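These notes concern the structure reproduced below.
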Amino acid sequence: MRLLQDKGSVQSLDNGAHRHRKAMFLSVLLAPEQIEHLRTTFRGEWLSGMEHWQQRDEISLFDEVNLVLTRSVVRGSGLPLDGKSPADLCLELSGMVENASGFGPSTWLALWRRRRTERFVGSLARRTRSGDLALGESTSMRRGDQDEIQRQSR
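Mind the numbering: the sequence shown is residues 29 to 182 in our numbering, read in order.
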């Protein structure tokens, strides 16, 4: 049986490697200015969603909140989508989580989605490092990448 959080994920790392990866994520995500930026971004996306929801007869709150969270993280992190819509990314991410453990085609699809998403984000990181993709210095993706580069140069 394979799980979404297995081979290659932070949960599969041991000791120092796990602590380093966790510290890198937390340093980027828990910086006070990042927390405030994400809070403000989420609030704006939530209010925008509410306006949209009020115009519809019925909504799936679960699906709509997933979309608000996806849009908030994309905007808050500075992640360029390269033609992918927030709704498509949301379906990919929520599909990974909803089918994360089990057996059979739904799990295989979740693992495939994980690999595809990792390739997408990995290509953004490589393009950023090579200078082919310019991200603002304050974006969380850029700050996390700089932390990793500094660690590897020690």
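Yeah, the Cβ is synthetic: ideal placement off N, Cα and C, and Gly gets one too.
Remember, predicted model here, so these are calculated numbers, not experimental data.
Would you mind stating whether residue i and residue j have Cβ atoms separated by less than 8 angstroms?
i             : j           : result
glutamate 73  : valine 56   : no
threonine 135 : leucine 121 : no
leucine 161   : proline 108 : yes
Between which two residues does the alpha helix (DSSP H) holding residue i run?
i                 : result
asparagine 43     : 43–57
leucine 14        : Limits of the chain in this structure are 29 at one end and 182 at the other, which puts residue 14 out of reach.
phenylalanine 148 : 133–158
glutamine 62      : 60–82
Starting from the C-beta of residue i, find all residues in its chain whose C-beta is less than 7 angstroms away, skip the five residues before and the five after it, and write them out in chain order.
i             : result
isoleucine 87 : Trp81
serine 100    : Leu66, Thr69, Phe70 and Glu73
Less than 8 angstroms between C-beta atoms, sequence neighbours within five positions excluded: which residues of the same chain meet that for residue i?
i          : result
serine 158 : none
Can you give me the C-alpha to C-alpha distance between residue i and residue j, rounded to a whole angstrom?
i            : j                 : result
leucine 163  : phenylalanine 148 : 16 angstroms
histidine 46 : arginine 143      : 20 angstroms
With a CB to CB cut of under 6 angstroms and the five nearest residues on each side skipped, what residues in its chain are close to residue i?
i            : result
cysteine 118 : Asn94, Leu95 and Thr98
glutamate 61 : none
**Message:** Using 8 angstroms as the cut-off, can you tell me whether the region 149–157 makes contact with the region 122–131, which would need three or more C-beta pairs spanning the two stretches below that distance?
**Reply:** no
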